[in-house]
Amino acid sequence: MFSPLRREELPSSWDVVVVGGGPAGITASIYLARYGLKVLIVEKSSVGGKVSVNPIIENFPGFPSITGEELSRIFHEHARKSGVKILFPEEVIGMDLDGEEKKVITKSGRELSAKAVLIATGAEDKKLNVPGEAELYGKGVSYCAVCDGPLFRDKRVVVVGGGNTAAVSALYLAKIAKEVIVVHRREKMRAEQALTERLSSLANVSFRWNSYVTEIMGREKVEGVKIRGKEGEEIIQADGIFIFIGVEPNSHIARKAGINTDENGFILVDYWQRTNKYAVYAAGDVTGEPMQIAKAVGEGVRAAVDIYNRVFGGAYGSPKQSWNPVPCRPY
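Have a look at this one:
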């Protein structure tokens, strides 16, 4: 079990405040603490972020198979031993990022100040919000083909969605699963034509057009999916369902504080994870896809290195003068 930081032990001034305790925030905080900086993570729910609720993880180096809860515990322990302080559960409700001293305001009324802020608030997969979805998450319901696809080798799966992510995921799953059934609410995919043509050419891929899922069926695991289309209701027997109907970045507080985002709400960063405001960085799922632990860890490292060098003068004499982030997408 994690031990929350007692509020009475909490100073108000820090070198770096990290908003979000997922893989990006944890990784960055460990690096920053090892540089000798005073670092606080503020996490609104559980350390590890979405990782903590993942029943099984099989694609993170060094851990052939590990539960999300256990990996989160290891993250937490590593950060704690590195000298990082973690405040949770505590929600950030506002930020003032314009001055030399950045301000982070929490729901309990605390005002934290820091010379640098890292925003690592993640993103949420859009849900179908149908019966069985929440109850069977991790038991056949997934939002990540790369993460969970190998668990469905030679089985029958349903893919929900019509965009590029759904198409690419269906192509990936078609190499693993015995059969892939794509369910889309429109009469054709929104994905790039080349992807759609590749999917259509596969013998083990079929489509249900103008259809939507009304229920995910099963007791201990997914056993089938109920859909409704122009021809009425249909029950598809399946071992798993992969849902790709979009992602919502948790960037609304950052946007209110003046941080630039793209048209989908993902925070714009340059190669070193710098935002448009001096000494404010962003890393992890809040900066865009792909939603992978390894990607978040790498961005956390980049952010930490640049925070130390550019904000605290680790390798630069006048760090602020060279602050000129050019947003890019390195993936």
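In the numbering used here, the protein residues as written are 616 to 946. Every residue, glycine too, gets a C-beta built ideally from N, C-alpha and C.
Beta-carbon proximity of residue i to residue j, cut-off 7 Å
{"i": "Gly778", "j": "His799", "result": "no"}
{"i": "Ala869", "j": "Ala731", "result": "no"}
{"i": "Gly640", "j": "Val632", "result": "no"}
{"i": "Trp887", "j": "Asp921", "result": "yes"}
{"i": "Ala919", "j": "Leu652", "result": "no"}
{"i": "Leu751", "j": "Val837", "result": "yes"}
{"i": "Ala729", "j": "Trp629", "result": "yes"}
{"i": "Ile842", "j": "Ser821", "result": "no"}
{"i": "Asp740", "j": "Val862", "result": "yes"}
{"i": "Lys770", "j": "Ala792", "result": "yes"}
{"i": "His691", "j": "Val666", "result": "no"}
{"i": "Ser660", "j": "Ala694", "result": "no"}
{"i": "Ala781", "j": "Phe859", "result": "yes"}
{"i": "Ala897", "j": "Thr890", "result": "yes"}
{"i": "Tyr737", "j": "Val901", "result": "Position check: residue 737 holds Gly in this sequence, whereas Tyr was assumed. Yes, they are a contact pair."}
Environment of residue i [buried if 16+ CB atoms lie within 10 Å]
{"i": "Glu914", "result": "buried"}
{"i": "Ile831", "result": "buried"}
{"i": "Gly755", "result": "buried"}
{"i": "Pro945", "result": "Here the model assigns Pro945 a pLDDT of 44, short of 50, so the residue's position is not dependable and the matter cannot be decided."}
{"i": "Gly709", "result": "exposed"}
{"i": "Ser618", "result": "Interpretation of Ser618 is limited by its pLDDT of 49, a score under 50 that renders its predicted location unreliable; the figure taken from the coordinates is listed afterwards. Ser618 should be labelled exposed."}
{"i": "Ile874", "result": "buried"}
{"i": "Met616", "result": "Reliability of the predicted coordinates at Met616 is poor, the pLDDT of 43 falling under 50, and the value obtained from them is presented with this limitation in mind. Result: exposed."}
{"i": "Pro626", "result": "exposed"}
{"i": "Glu705", "result": "buried"}
{"i": "Val941", "result": "exposed"}
{"i": "Lys803", "result": "exposed"}
{"i": "Glu658", "result": "buried"}
{"i": "Ile850", "result": "exposed"}
{"i": "Ala809", "result": "exposed"}
{"i": "Ser687", "result": "buried"}
{"i": "Leu817", "result": "exposed"}
{"i": "Ala749", "result": "exposed"}
{"i": "Gly635", "result": "buried"}
{"i": "Gly949", "result": "An answer regarding residue 949 cannot be provided, because it is not within the stretch 616 to 946 covered by the chain."}
Boundaries of the alpha helix (DSSP H) in which residue i is found, first to last residue
{"i": "Arg813", "result": "Gln808 to Ser815"}
{"i": "Phe927", "result": "Unbroken run through Phe927: none, as it is neither H nor E."}
{"i": "Ala644", "result": "According to the sequence displayed, residue 644 carries Ser and not Ala. Note, Ser644: alpha helix (DSSP H), Pro638 to Arg649."}
DSSP beta-bridge partners of residue i
{"i": "Glu750", "result": "Looking at the DSSP assignment, Glu750 forms no beta bridge with any residue, so it has no partner."}
{"i": "Ala738", "result": "Pro864"}
{"i": "Met710", "result": "Val719"}
{"i": "Arg688", "result": "According to DSSP, which records beta bridges pairwise, Arg688 is partnered with nothing at all."}
{"i": "Lys793", "result": "Answer by DSSP bridge pairing: none, since Lys793 is not bridged."}
{"i": "Val756", "result": "Tyr752 and Ile856"}
{"i": "Ala729", "result": "Trp629 and Lys717"}
{"i": "Val775", "result": "Val798 and Ile858"}
{"i": "Tyr827", "result": "Arg843"}
Boundaries of the beta strand (DSSP E) in which residue i is found, first to last residue
{"i": "Glu914", "result": "No beta strand (DSSP E) contains Glu914, which is instead part of the alpha helix (DSSP H) from Ile908 to Asp921."}
{"i": "Val631", "result": "Ser628 to Val634"}
{"i": "Val820", "result": "Val820 to Arg823"}
{"i": "Ile656", "result": "Val654 to Val657"}
{"i": "Leu766", "result": "Careful: Leu766 lies outside any beta strand (DSSP E) and carries neither H nor E."}
{"i": "Leu702", "result": "Lys700 to Leu702"}
In chain order, which continuous runs of the beta strand (DSSP E) of length 3 or greater are located wholly inside the segment 831-898? 839-844, 847-852, 855-858, 862-864 and 895-897
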